[in-house]
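Reading through the structure tokens given below for one structure.
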Amino acid sequence: MQRITMRSILVISSFVAVLNALSLFPKPHADFKYLITFGDSYTDNGRLGYYGSHQAHGPPPGVMPPEANVTASGGLQWPQYVEASTGATLYDYAIAGATCDNNNVERWAAFMNANYPSIITDEIPSFKADRKTKLYRGVTSANTVYALWIGTNDLSYTGILSDSQVKGTNITTYIDCLWNVFDAIHAAGGRRFVILNNNALQLTGLYRPLSDGGAGDNQFWQNKTLYNQTEYAQKMLEYTTSSNTMIDYGVPFHLLVKNRWPGSKIAVYDIHSLIMDIYNQPSRYLEPPHNVVGYYKHCDVNGTNCLYGPGRLNSYLWYDELHPSNITASYIAREFLNVVSGRSKYGTYWEHW
Ligand SMILES: CCCC(=O)Oc1ccc([N+](=O)[O-])cc1
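According to mature numbering (1 follows the signal peptide of the UniProt record, and there is no 0), the residues represented by the sequence shown are -21 to -1, 1 to 332, in order.
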């Protein structure tokens, strides 16, 4: 294992991954000019960094923060691959650390002396403010896809998994929040939605028991080894799969039975299955020697003194205890484009007839 500041190596490997990924990407579509994303660190392309350097405030209306080359994937994040391979304009409102709604699960960000901004309390208001600016001049309901991927922090050890949610709320409240996000986007003219379901979190180093190759005490769960880790991995499996079933049934119920978002098309993108497929058949996705149990970036419980490796990031399913690696992000992006074009086995498609 090397101790080096890996920024340049990460940027180079990002570029290699981009080149590999671009050659595999489906052709861009004329009706896909804008991608507007909401979520957490699985989607954030640098927005939290802006808040961190501006006293927890977001950018003024009409300004998108600069994109980062090194995100929580160790390189580019999945929307950036979509952007690079299609030429679509990306407006990424995702913020690392976010939950769907701080009124349900709020999480403290000590470095900002504030809660992490959430989708309902910050990302959606920022989107609504930007919509009134020239950023949105070319955006129409036909040429724009809205993507929502949220739940990892809601269900997390600092959230529902440790019963730390706001009193009176529960997993159903988190699921209802997803529909509230769609309400807000629909009211703003959005008609094409992709919802990415919950990751296979039981396989991450964070939730996998130490005795089964998972992390010990770490930056995302500082006293993990005090817990019955097998029980918590199983709970996380229950929470993610139950939430995903609610998403599977909730989308057609609200769209078709309740007519909640008239004129809309919604695809459910089964990230959980994609990650399981990479986990079960790593040689199809990762560079040898592939590693789907460990992770590339190892830090102390404060997130400092990080060590990287062994080997190359492109061999890893996971970048750190919680985050898919850069190459995994490129597969998430590639399959996202298949979902948008209606051709993915990971997509389930719903619209009015
Ligand atoms: C996918 C959800 C996990 C997540 O959001 O992780 C992060 C939370 C906070 C930070 N940060 O403060 O830099 C990074 C990742």
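Ideal placement from N, C-alpha and C gives every residue a C-beta, glycine not left out.
Check for me: the alpha helix (DSSP H) holding W57 runs from which residue to which? W57 to T65
Taking 7 angstroms as the limit between beta carbons, can you name the residues of its chain near S105, skipping five residues before and five after? G37 and Y72
Cβ-based burial, P267 [other Cβ within 10 Å; buried from 16]: The Cβ neighbour count for P267, taken over all protein chains shown within 10 Å, is under 16; the residue is labelled exposed.
For D155, which residues in the same chain have their Cβ closer than 8 angstroms to its Cβ, ignoring the five residues on either side in sequence? none
Outcome for W240 when other beta-carbon atoms lying within 10 angstroms are tallied against a minimum of 16: buried
What distance in whole Å lies between the Cβ atoms of D249 and N176, which are believed to be in contact at a cut-off of 8 angstroms? 6 angstroms
Separation of T123 from V173, as counted between CA atoms: 11 angstroms
Restricting to Cα atoms, I'd like to know which of T152, Y258 and I98 is closest to I15. I98
Using 10 angstroms around the beta-carbon of R322, count the other beta-carbons present and answer buried if the total reaches 16, otherwise exposed. Classification for R322: exposed.
Once the 5 residues before and after G193 are set aside, which same chain residues still bring their CB inside 6 angstroms of it? G184 and R187
Please report the distance separating the alpha-carbon of T220 from that of T50. 27 angstroms
Hey, is L253 close to ligand 1, as in C-beta under 8 angstroms from one of its heavy atoms? no
Alpha carbons only, please: which of A179, L140 and G229 is nearest the one belonging to residue 338? With the chain represented from -21 up to 332, any question about residue 338 goes unanswered, as that position is not in the structure.
Buried or exposed: which applies to Y228, given that a residue is buried once 16 or more other Cβ atoms fall within 10 Å of its Cβ? exposed
By the 10 Å Cβ neighbour count, where 16 or more other Cβ atoms means buried, how is Y21 classified, buried or exposed? buried
Flag this pair as yes or no: are the beta carbons of V42 and A312 separated by less than 9 angstroms? Between V42 and A312, the CB-CB gap reaches or exceeds 9 angstroms.
Which class does Y30 belong to by DSSP, given the choice of helix, strand or coil? helix
Tell me the DSSP secondary structure of G184 in three-state form. Shown here, G184 sits in coil according to DSSP, grouped into three states, outside any helix or strand.
Quick test of the definition: if touching needs 3 or more C-beta pairs under 8 angstroms, does the segment 130 to 144 touch the segment 82 to 92? yes
Leaving out the 5 sequence neighbours to the left and right, which residues in its chain are closer than 8 angstroms to D196 when beta-carbon positions are compared? N202, K203, T204 and V280, listed in sequence order.
Name the one or two DSSP bridge partners that T123 has. Y13
DSSP three-state call for F315: helix, strand or coil? helix
Express the C-alpha separation of I257 and I164 in angstroms, rounding to a whole number. 32 angstroms
Roughly how many angstroms lie between the CA atoms of T137 and A77, to the nearest whole one? 12 angstroms
How is V230 classed by DSSP in three states: helix, strand or coil? helix
Is P44 near K111, with beta carbons less than 9 angstroms apart? Taking C-beta atoms as the reference points, P44 and K111 fail to come closer than 9 angstroms.
Contact test: L157 Cβ vs ligand 3 heavy atom, cutoff 8 angstroms: With respect to ligand 3, the structure shown offers nothing to examine, as its ligands consist of ligand 1.
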